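For the sequence shown, position 370 matches number 369 in my numbering, and the numbering has no gaps at all. For each residue, glycine too, the CB sits at the ideal point set by N, CA and C. Because the structure is a prediction, the values reported are computed rather than measured.
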Amino acid sequence: MGSLAAADEPLPPLRYPPARRDGDIVDDYHGVPVPDPYRWMEDLESEETKEFVRAQAGVADAVLSTCDHRGRLRGQLTALLDHPRHRAPFKRAGSYFYFHNPGLLPHSVLYVQHGLGGEPAVLLDPSALSDDATVSLSMVGVSDDAAHLAYGTSASGSDWVTVRVMRVRDRRRLPDTLSWVKFSRIAWTRDGRGFFYSRFPAPKDGEGGASECGIRTDVNLNHEVYYHLLGTEQSDDVLCWSDPEHPKYIYTPEVTEDGKYVLLSVSETSEPVNKLYYCDLSALPHGLPGLNGTHELLPFVKLVDEFEAYYGVIANDDTQFTILTNRDAPRYKLSRVDVTDPHKSWADVLPEDDRAVLESACAVHGDKLLVNYLSDVRYVLQLRSLVTGELLHDIPIDIGSVNGISGRRADSEVFLEFASFLTPGIVYRCDLSAGAPVMEIYREISVPGFDRTEFEAKQVFYPSKDGTKIPMFVVSRKNMCLDGSHPALLFGYGGFGMSVTPQFSAARVVLMRNLGFVTCVANIRGGGEYGEGWHKAGSLANKQNCFDDFIAAGEFLVSAGYTSPSRLCVEGGSNGGLLVAACINQRPDLFGCALAHVGVMDMLRFHKFTIGRAWTCDFGCSENQEEFQWLIKYSPLHNVRRPWEEKCGAAGDLRPRQYPATMLLTADHDDRVVPSHTLKFLATMQHVLCASAEDSPQTNPIVARIDRKSGHGCGRSTQKIVFFFTPTVLSP
Numbered sequence: 000m001g002s003l004a005a006a007d008e009p010l011p012p013l014r015y016p017p018a019r020r021d022g023d024i025v026d027d028y029h030g031v032p033v034p035d036p037y038r039w040m041e042d043l044e045s046e047e048t049k050e051f052v053r054a055q056a057g058v059a060d061a062v063l064s065t066c067d068h069r070g071r072l073r074g075q076l077t078a079l080l081d082h083p084r085h086r087a088p089f090k091r092a093g094s095y096f097y098f099h100n101p102g103l104l105p106h107s108v109l110y111v112q113h114g115l116g117g118e119p120a121v122l123l124d125p126s127a128l129s130d131d132a133t134v135s136l137s138m139v140g141v142s143d144d145a146a147h148l149a150y151g152t153s154a155s156g157s158d159w160v161t162v163r164v165m166r167v168r169d170r171r172r173l174p175d176t177l178s179w180v181k182f183s184r185i186a187w188t189r190d191g192r193g194f195f196y197s198r199f200p201a202p203k204d205g206e207g208g209a210s211e212c213g214i215r216t217d218v219n220l221n222h223e224v225y226y227h228l229l230g231t232e233q234s235d236d237v238l239c240w241s242d243p244e245h246p247k248y249i250y251t252p253e254v255t256e257d258g259k260y261v262l263l264s265v266s267e268t269s270e271p272v273n274k275l276y277y278c279d280l281s282a283l284p285h286g287l288p289g290l291n292g293t294h295e296l297l298p299f300v301k302l303v304d305e306f307e308a309y310y311g312v313i314a315n316d317d318t319q320f321t322i323l324t325n326r327d328a329p330r331y332k333l334s335r336v337d338v339t340d341p342h343k344s345w346a347d348v349l350p351e352d353d354r355a356v357l358e359s360a361c362a363v364h365g366d367k368l369l370v371n372y373l374s375d376v377r378y379v380l381q382l383r384s385l386v387t388g389e390l391l392h393d394i395p396i397d398i399g400s401v402n403g404i405s406g407r408r409a410d411s412e413v414f415l416e417f418a419s420f421l422t423p424g425i426v427y428r429c430d431l432s433a434g435a436p437v438m439e440i441y442r443e444i445s446v447p448g449f450d451r452t453e454f455e456a457k458q459v460f461y462p463s464k465d466g467t468k469i470p471m472f473v474v475s476r477k478n479m480c481l482d483g484s485h486p487a488l489l490f491g492y493g494g495f496g497m498s499v500t501p502q503f504s505a506a507r508v509v510l511m512r513n514l515g516f517v518t519c520v521a522n523i524r525g526g527g528e529y530g531e532g533w534h535k536a537g538s539l540a541n542k543q544n545c546f547d548d549f550i551a552a553g554e555f556l557v558s559a560g561y562t563s564p565s566r567l568c569v570e571g572g573s574n575g576g577l578l579v580a581a582c583i584n585q586r587p588d589l590f591g592c593a594l595a596h597v598g599v600m601d602m603l604r605f606h607k608f609t610i611g612r613a614w615t616c617d618f619g620c621s622e623n624q625e626e627f628q629w630l631i632k633y634s635p636l637h638n639v640r641r642p643w644e645e646k647c648g649a650a651g652d653l654r655p656r657q658y659p660a661t662m663l664l665t666a667d668h669d670d671r672v673v674p675s676h677t678l679k680f681l682a683t684m685q686h687v688l689c690a691s692a693e694d695s696p697q698t699n700p701i702v703a704r705i706d707r708k709s710g711h712g713c714g715r716s717t718q719k720i721v722f723f724f725t726p727t728v729l730s731p
């Protein structure tokens with residue numbers, strides 16, 4: 000992450016490298032002409048784009064070189080990260096598999112141990128997969144008999160995955176190699192002979208985007224589901240499902256715990272709605288291998304064939320499926336259906352709660368359910384009956400986040416991952432074999448040099464522009480004087496129904512401990528903190544609510560005495576990068592620093608690249624006239640204005656009206672939000688605010704960092720995390 004530190008003196012005005020503006024590129028959107036002078040930056044492989052990136056890197060390096068305490072803070076972050084970290088284990092055939100990093104390894108290592116008290120052994124070390132730690136593990140799947148591990152690797156943070164197979168007993172890597180895998184999971188069949196996965200067709204020569212060693216920006220279409228039989232070539236894999244009439248569909252296969260059914264979740268966008276198909280594998284006359292060479296697809300039954308709601312299978316007892324759904328339940332519920340009679344047999348097992356959101360449910364220990372609610376952004380764990388939904392036991396946990404539940408119906412034990420702002424991490428083991436669940440600490444993460452008693456975390460509620468109460472967490476040193484003198488870091492996301500819950504961050508501890516920061520997380524609309532209603536209140540025509548909520552969070556922090564506008568930094572990534580960019584366009588006077596990671600900045604063209612088409616459910620699409628009118632009003636690229644020419648600014652603020660010190664961050668292999676979003680926005684900001692403005696008062700820097708051999712954020716090594724911890728100079 001980045002962060003800020005107040006400079007003793009403002010930086011001198013920067014000289015930004017010139018960027019060619021092509022005045023001939025003007026698009027017509029429903030009769031509205033919209034120039035796009037930096038369209039050429041969408042060609043990421045052109046020499047002109049590469050030269051622009053190199054020149055901007057020089058500007059950023061010059062700014063960062065003025066930050067005297069950068070090396071010291073990096074050293075402190077390195078020290079805080081140098082501690083053992085564990086993830087919750089998952090169990091297969093008596094063996095336990097888990098990820099562990101003893102400290103500063105680039106990536107966590109996958110271990111296996113036979114029995115709970117067995118000796119751990121390294122199964123796969125991702126750091127050994129490349130010389131520079133830019134290859135990471137993106138998915139793993141262990142067969143039910145624990146004989147084989149299928150694992151997917153990603154190079155340079157790309158969403159593209161290559162799947163390989165290892166024999167567990169001797170760590171022998173099999174020749175099986177599967178390419179062009181994306182947005183997939185590994186779903187083993189019960190017999191351990193093979194697994195289902197999803198992929199896109201291999202591109203034809205010369206199609207879409209860059210060379211094989213670069214980034215591909217073409218739209219992803221025609222997802223397909225295959226079955227891979229161990230020991231065979233990918234070209235021999237069984238095509239199980241494709242639908243050329245719907246090239247935008249994305250398929251996610253899953254095999255039920257009893258091994259009888261393969262399920263297929265079908266989605267078209269990022270909206271929480273899907274179709275749900277199933278196939279009875281036991282009814283195939285010659286099994287899955289018998290389909291090889293027949294060109295026949297699996298005979299899936301379409302249980303739900305409309306995009307009306309979300310459906311996720313939690314468990315099945317033969318033909319009785321228990322399903323997590325938001326059908327007529329924006330805060331989710333559990334329903335049961337007999338798939339042999341789906342038109343009559345739907346019944347609620349666990350109705351929608353009046354207030355809390357049913358985040359997840361896991362079938363465990365035969366006929367029990369471990370359910371996880373989110374109530375006012377606080378997790379509530381319960382053990383319930385799978386048969387009736389009846390509450391059996393409350394399971395007390397502190398205020399924080401349940402980051403994972405690992406358990407199966409065949410086992411009497413469950414593992415849970417927990418973390419909070421001031422708790423680095425605990426893995427609990429819950430024994431369900433007794434009458435009441437017994438929770439015990441299985442592993443606890445301890446960070447040397449971190450004393451949680453020095454800090455406090457609290458939740459506040461503040462009013463947004465329309466009066467809606469918005470929750471926000473505020474973390475700081477104890478007994479802080481609310482005199483407005485403290486630097487503050489405000490984080491937000493607000494999109495796609497994703498909830499932002501308490502997590503531990505070593506980087507934020509460094510800021511709080513060394514620079515007196517207040518760190519804040521605003522749970523703005525657009526997220527899932529209060530269910531689908533909260534999500535929809537911040538999407539499509541209501542997207543401005545997200546920005547209003549975030550701006551109101553900043554205003555609250557200032558009015559309550561936590562900070563002042565010159566010392567308030569805002570940060571967000573991806574949709575949160577859009578959030579930050581839109582807010583500094585709308586209220587540049589409110590913030591002293593802005594950090595926008597891998598943001599969606601061109602709201603008129605995002606759908607034309609990779610998987611951007613799937614985001615139209617939250618944003619809309621410029622090809623629709625009504626939706627274009629929503630988008631053009633807040634699209635960061637199209638709303639950069641000179642604040643000194645407008646009536647804005649907080650009352651009594653005598654500072655020259657300008658944009659805050661701004662750092663945009665992207666990566667050269669981000670094939671989710673492609674780097675051209677950031678590059679075009681950067682060039683636009685520098686042109687409008689500086690290059691084309693006579694006697695511009697814009698002295699706060701506007702710079703970008705473009706990470707090399709990295710992607711949207713997943714798979715980044717420990718060393719890259721430390722390197723990109725960037726205290727940025729801020730004018731006082």
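Q) Since residue 558 is in the beta strand (DSSP E), which residue starts that stretch and which ends it? A) Per DSSP, residue 558 belongs to no beta strand (DSSP E); it is in the alpha helix (DSSP H), 543 to 558.
Q.
Is the beta carbon of residue 665 closer than 7 Å to that of residue 674?
A. Cβ distance < 7 Å, so residue 674 and residue 665 count as in contact.
(Q) For residue 460, count the other beta carbons within 10 Å of its own beta carbon; 16 or more makes it buried, fewer makes it exposed. Which is it? (A) It counts as exposed.
Q: Could you spell out the range, first to last residue, of the beta strand (DSSP E) harbouring residue 151?
A: 147 to 154
Q) For residue 171, does the count of other Cβ atoms within 10 angstroms reach 16, so buried, or fall short, so exposed? A) exposed
Q) What distance in whole Å lies between the Cβ atoms of residue 323 and residue 360, which are believed to be in contact at a cut-off of 8 Å? A) 6 Å
Q: With residue 675 as the anchor, note down where its alpha helix (DSSP H) starts and where it stops.
A: First-last of the alpha helix (DSSP H) with residue 675: 675 to 685.
**Q.** At least three beta-carbon pairs within less than 8 Å, the segment 409 to 423 to the segment 498 to 517
**A.** Because the criterion of three Cβ pairs below 8 Å is met, the segment 409 to 423 and the segment 498 to 517 touch.
(Q) Just to confirm before moving on: does the CB-CB distance between residue 119 and residue 110 stay below 7 Å? (A) Going by C-beta atoms, residue 119 is nearer than 7 Å to residue 110.
Q: Could you give the DSSP three-state label for residue 208: helix, strand or coil?
A: Unreliable positioning characterises residue 208 in this predicted model, as indicated by a pLDDT of 41, which lies under 50. A coordinate reading is not provided.
Q.
Quick check on DSSP: helix, strand or coil for residue 712?
A. coil
**Q.** Three-way DSSP call (helix, strand, coil) for residue 331 in this model
**A.** coil
Q. Which first and last residues belong to the alpha helix (DSSP H) in which residue 18 is found?
A. First-last for residue 18: undefined, no H or E at that position.
Q) Can you tell which of 515, 388 and 526 has its C-alpha closest to the C-alpha of residue 484? A) 515
Q) Does the distance from the C-beta atom of residue 303 to that of residue 310 stay below 7 Å? A) yes
Q.
Tell me whether the segment 184 to 194 and the segment 216 to 232 touch, counting them as touching only if at least three CB pairs, one residue from each stretch, are closer than 8 Å.
A. Yes: the two stretches touch, three or more of their Cβ pairs being nearer than 8 Å.
Q.
If the criterion is Cβ atoms closer than 7 Å, does the pair residue 785 and residue 614 meet it?
A. The question about residue 785 has no answer, for the chain in this structure spans 0 to 731.
(Q) Quick check: the Cα distance between residue 352 and residue 372, rounded to an integer number of angstroms? (A) 9 Å
Q: Let me know if residue 71 comes out buried or exposed under the rule of 16 or more other beta-carbons within 10 Å of its beta-carbon.
A: With fewer than 16 other CB atoms across the displayed protein chains lying within 10 angstroms of its CB, residue 71 is exposed.
**Q.** residue 339 classed as buried or exposed, judged by whether at least 16 other C-beta atoms fall within 10 angstroms
**A.** exposed
Q. Where does residue 563 sit, in a helix, a strand or coil, going by DSSP?
A. DSSP places residue 563 in coil when its eight states are reduced to three.
Q.
Once DSSP output is grouped into helix, strand and coil, what is the label at residue 418?
A. strand
**Q.** Residue of 256, 247, 282 and 259 minimising C-alpha distance to residue 265
**A.** With distances taken between Cα atoms, residue 265 lies closest to 247.
Q | Buried versus exposed, by CB contacts within 10 Å (16 or more), residue 466 | A | exposed
Q) By Cβ distance below 7 Å, which residues in the same chain neighbour residue 653 in space, the five residues on each side in sequence not counted? A) Reliability of the predicted coordinates at residue 653 is poor, the pLDDT of 49 falling under 50, and no value is obtained from them.
Q. Between which two residues does the alpha helix (DSSP H) containing residue 627 stretch?
A. Per DSSP, residue 627 is one residue of the alpha helix (DSSP H) stretching across 624 to 633.
Q: Determine the closest residue to residue 301 out of 289, 261 and 103, with distance taken between C-alpha atoms.
A: 261
Q | C-alpha gap between residue 167 and residue 122, whole angstroms | A | 7 Å
Q) Three-state secondary structure (DSSP) at residue 53? A) helix
Q | CA-to-CA distance, residue 272 to residue 106, given in whole angstroms | A | Their Cα atoms are separated by approximately 34 Å.
Q | Residues near residue 17 in its chain [Cβ-Cβ closer than 6 Å; skip 5 each side] | A | none
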